[in-house]
Amino acid sequence: MNLSSLARLSSLSTVFASRILNRSIAFKPISCSSSVSVPHAPTSLNPNLPLFLRPPTFTATLSDLQKWQNWAKTLASSIGSSFTDSDNGPDSEILHRELNWLIEDALQNPKPLLTRNDSEHDIVLQLRADLGDLYTLWKQRIEKRRPFQYIVGCEHWRDLVLSVEEGVLIPRPETELIIDLVDDTIKQNAELNEGLWVDLGTGSGAIAIGIGRILGDSGRVIAIDISPIAVQVASFNVNRYNLQDKISVKQGSWFDPLIEFEGRVAGFVSNPPYIPSGHINGLQAEVGRHEPILALDGGEDGMSDLLHLCNGAALMLKPGGFFAFETNGEDQCLFLVDHMETIHHDSFHNLKIIPDFAGIQRFVTGIRI
Amino acid sequence: MAFHLVKSCVKVWPKTTALSPAAPVPLRRFQIRFGIIIKGNDTTSIAPNRTSLFHYTTSVDKIPPISSSNTDGGRELLSMSDEKLMSQCEMDTYKSSGPGGQHRNKRETAVRLKHIPTGIIAQASEDRSQHKNRASALTRLRSLLALKVRNSIDLETYTPPPELLQVLPPKSTIRGSDCGPQIGHNNPKFVLGMQALLDLIFAVDGSVADAAKKLGLSTGALSRLILSDDSLRQAVNEFRASKGMKPLK
Numbered sequence: 003m004n005l006s007s008l009a010r011l012s013s014l015s016t017v018f019a020s021r022i023l024n025r026s027i028a029f030k031p032i033s034c035s036s037s038v039s040v041p042h043a044p045t046s047l048n049p050n051l052p053l054f055l056r057p058p059t060f061t062a063t064l065s066d067l068q069k070w071q072n073w074a075k076t077l078a079s080s081i082g083s084s085f086t087d088s089d090n091g092p093d094s095e096i097l098h099r100e101l102n103w104l105i106e107d108a109l110q111n112p113k114p115l116l117t118r119n120d121s122e123h124d125i126v127l128q129l130r131a132d133l134g135d136l137y138t139l140w141k142q143r144i145e146k147r148r149p150f151q152y153i154v155g156c157e158h159w160r161d162l163v164l165s166v167e168e169g170v171l172i173p174r175p176e177t178e179l180i181i182d183l184v185d186d187t188i189k190q191n192a193e194l195n196e197g198l199w200v201d202l203g204t205g206s207g208a209i210a211i212g213i214g215r216i217l218g219d220s221g222r223v224i225a226i227d228i229s230p231i232a233v234q235v236a237s238f239n240v241n242r243y244n245l246q247d248k249i250s251v252k253q254g255s256w257f258d259p260l261i262e263f264e265g266r267v268a269g270f271v272s273n274p275p276y277i278p279s280g281h282i283n284g285l286q287a288e289v290g291r292h293e294p295i296l297a298l299d300g301g302e303d304g305m306s307d308l309l310h311l312c313n314g315a316a317l318m319l320k321p322g323g324f325f326a327f328e329t330n331g332e333d334q335c336l337f338l339v340d341h342m343e344t345i346h347h348d349s350f351h352n353l354k355i356i357p358d359f360a361g362i363q364r365f366v367t368g369i370r371i
Numbered sequence: 346m347a348f349h350l351v352k353s354c355v356k357v358w359p360k361t362t363a364l365s366p367a368a369p370v371p372l373r374r375f376q377i378r379f380g381i382i383i384k385g386n387d388t389t390s391i392a393p394n395r396t397s398l399f400h401y402t403t404s405v406d407k408i409p410p411i412s413s414s415n416t417d418g419g420r421e422l423l424s425m426s427d428e429k430l431m432s433q434c435e436m437d438t439y440k441s442s443g444p445g446g447q448h449r450n451k452r453e454t455a456v457r458l459k460h461i462p463t464g465i466i467a468q469a470s471e472d473r474s475q476h477k478n479r480a481s482a483l484t485r486l487r488s489l490l491a492l493k494v495r496n497s498i499d500l501e502t503y504t505p506p507p508e509l510l511q512v513l514p515p516k517s518t519i520r521g522s523d524c525g526p527q528i529g530h531n532n533p534k535f536v537l538g539m540q541a542l543l544d545l546i547f548a549v550d551g552s553v554a555d556a557a558k559k560l561g562l563s564t565g566a567l568s569r570l571i572l573s574d575d576s577l578r579q580a581v582n583e584f585r586a587s588k589g590m591k592p593l594k
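These protein sequence lines are chains A and B, in that order.
Numbers 3 to 371, taken from my numbering, label the letters of the first sequence in order.
Numbers 346 to 594, taken from my numbering, label the letters of the second sequence in order.
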């Protein structure tokens, strides 16, 4: 397979992708639109500034906030383990923890609400969202199962706080490990440390930013995503970490934006869609109802994009170049390694399957010969 | 060194193992729990404290006891780099049922580290990222190693090691001016001094007066130092309780 046929294949999925994408845009939050004050934003790229970055232009008394907090706690408690039982969703304990995080993000000084001391009830606190919006947001969290990360507009990932919103996959804790895998590799190989890295399907830009922060001075990252929202959000995150000179975010389908770099890429990483289509319906509501299906559905066996990536890695990587892909688990890992050993037996060596912290075989890595 | 490095769980890619019987299962914020493994019926050195932040669980297990026969073992452990120490640990995450990855939206980022040579377990769940919980768990592990792994001391020839001198107040008569300013309990180096201090207190059977003499301090000044750190105070008081002595207040 050559690059142009790869590109053809992926443009097919583009059509599919934009359809899905439009659907997920329809979920656009009604949240806090009154409080978005673009002039204060670091850039105007991101239509939804994360809650914690918004200016504290709203106020409420402590007693009104406590009333909201008690209402929210009661709502969370009423869930018990019913979400967990139905689709492995969050239980009350996790929801209570999320409520505290919402308070941390929404209040300039969350202390009076989070500690049980005898503050005066009529003191006025400054908020980054209207109190009415906080009611709406928590209702969405519980009743619509809207992911907590979309509620607050960010996810804490490694030592980063990344902006996320509907249309962009929320980075997962498992994926944090890819940065450690890359770190181990570049420590042993200075050429890779100063080379060109590619993150395909970058989403929020998490992996690209994680790598951008550990590469040497002349190391560069290209982060690619087909979704215009993902490109906006990733660019916003790249700028926020002041990495715009190191990371370029490009919109395009898989390898299309990379044709000029064929055979010159030092490292190639991706967390592509890998869930088999048949499993999409049974996903936890936070994921299946709210996250972009484009970023989750990997085709019938979940392997369409992964196989595409493996073939691409053979073309794009320079000799000695490194790749790391996240997968759905052991079956996909074994299949990929087998595929590479048979189809690309003269292209790769040092193929490895690496488990995540829960012990699930999660990543495939290898070196281009 | 008497510890065995278990190479099969080396590096940051450990396999999950079943929770040992010593590991309490429920997990809450801001809690550290760990199992301490004790030989046979020798339970004298542990006094559970229900009100404390630390929960001690005892059990008989295959893992060898933490004993003072491991000369310098504890100090060696604490001076290891994060990577080296991590290589002696099994790490797993909680609620890892199901396929994980893209399937799940999990704010469950809790991390549990089990230090294989000693069986000590540290965990962290209060942060919003797993990466940071891992760092917190490692810091806690260091603190627990300092509290739980004893180095044997020969009192006849004892001179306090530099890491202990550094945590002493300036009025100590044996603390030279080359020690620099006193290291407080927020400094990561404090655990090394804390460990050395506990080694001495165990060696003098819990007598603060005897330990104070070795350190050129008044009994009151050493008591104040011990009371300044919650976990240090607790470790000393639990040891004193096991010797039938009154707790420091």
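The beta-carbon is built from N, C-alpha and C at its ideal position, and this holds for glycine as well.
Spatial neighbours of Glu106 of chain A in its own chain (CB-CB distance under 7 Å, excluding positions within 5 residues in sequence) are listed in chain order as Pro112. Rounded to the nearest whole angstrom, the C-alpha separation of Glu193 of chain A and Gly331 of chain A is 31 Å.
DSSP, read as helix, strand or coil, puts Glu302 of chain A in coil. By the C-beta density criterion, Lys477 of chain B is buried, having at least 16 other C-beta atoms within 10 angstroms. Contact annotation: Gly269 of chain A and Ile188 of chain A have beta-carbon atoms nearer than 9 Å. For Asn582 of chain B, no chain A residue has a Cβ inside 7 Å of its Cβ, as the nearest lies near 27 Å away. Contact annotation: Pro274 of chain A and Gly300 of chain A have beta-carbon atoms nearer than 9 Å. Residue pairing by DSSP puts Val366 of chain A in a beta bridge opposite A:Phe327 and A:Ile355.
The C-alpha of Gly521 of chain B is placed about 13 Å away from the C-alpha of Glu508 of chain B.
Taking every protein chain shown into account, the CB of Arg118 of chain A has fewer than 16 other CB atoms within 10 angstroms, so this residue is exposed.
For the 9 Å CB-CB criterion, Val154 of chain A and Trp103 of chain A form a contact. Straight-line spacing of the CA atoms in Ala287 of chain A and Arg578 of chain B works out to 48 Å.
Within the same chain, and ignoring the five residues on either side of Arg148 of chain A in sequence, the residues whose Cβ sits closer than 7 Å to its Cβ are Gln142 and His292.
In terms of beta-carbon proximity, Pro444 of chain B lines the interface with chain A, with at least one pair separated by less than 9 Å. CA-CA distance, Leu116 of chain A to Leu67 of chain A, rounds to 11 Å. In this structure, the straight-line span from the alpha carbon of Val271 of chain A to that of Leu109 of chain A is close to 37 Å. DSSP places Gln110 of chain A outside any beta strand (DSSP E), giving it a letter other than H or E. Only residues of its own chain outside the window of five on either side were considered, and among them Arg370 and Ile371 have a CB closer than 8 Å to the CB of Pro321 of chain A, listed in chain order. Checking the DSSP bridge columns, you'll see Leu164 of chain A partnered with A:Glu157.
For the stretch 276-290 of chain A, the residues whose beta carbon sits under 7 Å from a beta carbon of chain B are, in order, Tyr276, Ile277, Leu285, Gln286, Glu288 and Val289. Residue state for Ala297 of chain A is assigned as helix, using DSSP reduced to three classes. Under the 9 Å criterion on CB atoms, Asn450 of chain B is classed as interfacial with respect to chain A. Between Gly207 of chain A and Leu164 of chain A, the beta carbon gap of about 7 Å places them in contact (Cβ cut-off 8 Å). Here DSSP, grouped into helix, strand and coil, assigns His123 of chain A to coil. At least 9 Å separates the CB of Asp258 of chain A from every CB of chain B. Contact note: Asp437 of chain B reaches chain A through Phe359, Ala360 and Gly361, using a C-beta cutoff of 9 Å and chain order. Arg364 of chain A sits close to Gly445 of chain B, with the two beta carbons spaced by under 9 Å.
Between the beta-carbon of Val223 of chain A and that of Val170 of chain A there is about 18 Å, and that puts the pair past the 8 Å contact cut.
Taking the CA atoms as reference points, Leu353 of chain A sits about 11 Å from Phe327 of chain A. Listed along chain B are Ser474, each with a C-beta nearer than 7 Å to that of Trp159 of chain A.
Cβ contact annotation for Leu133 of chain A (same chain, cutoff 8 Å, sequence separation greater than five): Phe60, Ala62, Asp66, Leu67 and Trp70, in chain order. Inclusion of Ile211 of chain A and Leu245 of chain A in the CB contact set at 9 Å is warranted, their separation being smaller than that value. Below the 9 Å Cβ cutoff, chain A contributes His158, Arg160 and Asp161 as neighbours of Lys477 of chain B, in chain order. Contact with chain A is found for Gln447 of chain B, since one of that chain's Cβ atoms lies less than 9 Å from the residue's Cβ. The criterion of a C-beta distance shorter than 9 Å is satisfied by Thr463 of chain B and Lys493 of chain B. In this structure Lys451 of chain B is buried. Its beta-carbon is surrounded by 16 or more other beta-carbon atoms within 10 angstroms.
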